[in-house]
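Quick notes on the structure that follows.
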Amino acid sequence: KYCKSVGVECVPVGPVVYFKGFTRAFLAGETESSEVLLEKAGKAVDSLAKGKRVVIIDGVGYPAVGSICGTDNASMARACGPLISSDHQSRNPAPVLLVGKSGVGDAVDSFNLNSAFFELVGVTVLGGIFNRL
Numbered sequence: 012k013y014c015k016s017v018g019v020e021c022v023p024v025g026p027v028v029y030f031k032g033f034t035r036a037f038l039a040g041e042t043e044s045s046e047v048l049l050e051k052a053g054k055a056v057d058s059l060a061k062g063k064r065v066v067i068i069d070g071v072g073y074p075a076v077g078s079i080c081g082t083d084n085a086s087m088a089r090a091c092g093p094l095i096s097s098d099h100q101s102r103n104p105a106p107v108l109l110v111g112k113s114g115v116g117d118a119v120d121s122f123n124l125n126s127a128f129f130e131l132v133g134v135t136v137l138g139g140i141f142n143r144l
């Protein structure tokens, strides 16, 4: 609602939705494959990004959410980053900005753990935003 009220184009619900039972359905072959889900996400971002300098992609939970399905946040960052070739296949990963928990110790510890996951798989972490340190 906010984006619409201030004239910011958005996609309120992306092409990958983790509904209750999604993982079991995925493992049973009742959903689209990882490749199809990632391709749909990339195309949705490409469509929204036309004519824009900045696009913000909201992830879910912690970095590894969806890893059993191959659709974790790092895979999404790789699938939704800027195209580097005209074949619409090669991309640079979208960089990540982590939003941290409130507090001090747990907030910093969680940032270190989460940023290490992204960096391990080749996704740049721009930094972090912390609430009530």
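Note that the working numbering has the sequence shown beginning at 12, numbered continuously upward.
We put the CB at the ideal spot given by N, CA and C, even for glycine.
Here the structure is a predicted model, which means the values were calculated and not measured.
Could you have a look at residue 128 and say whether DSSP puts it in helix, strand or coil? helix
Alpha carbon of residue 93 to alpha carbon of residue 26, nearest angstrom: 18 Å
Using CA coordinates, which residue listed in 124, 123, 144, 81 is at the minimum distance from residue 43? 81
Can you pull the DSSP bridge partners for residue 64? DSSP lists no partner for residue 64.
Who are residue 142's beta bridge partners in DSSP? 113
Give the C-beta separation of residue 108 and residue 137 to the nearest angstrom, bearing in mind that I take them to be a contact with Cβ-Cβ under 8 Å. 5 Å
Within 10 angstroms of the Cβ of residue 70, are there 16 or more other Cβ atoms? Answer buried if so, exposed if not. buried
May I ask you to report which of helix, strand or coil DSSP gives residue 17? coil
Backbone secondary structure at residue 107 - three-state DSSP: strand
Residue 105 classed as buried or exposed, judged by whether at least 16 other C-beta atoms fall within 10 angstroms: buried
Just grab the DSSP bridge partners of residue 94 for me. 102
Under 8 Å, do residue 52 and residue 85 count as touching if we go by C-beta distance? no
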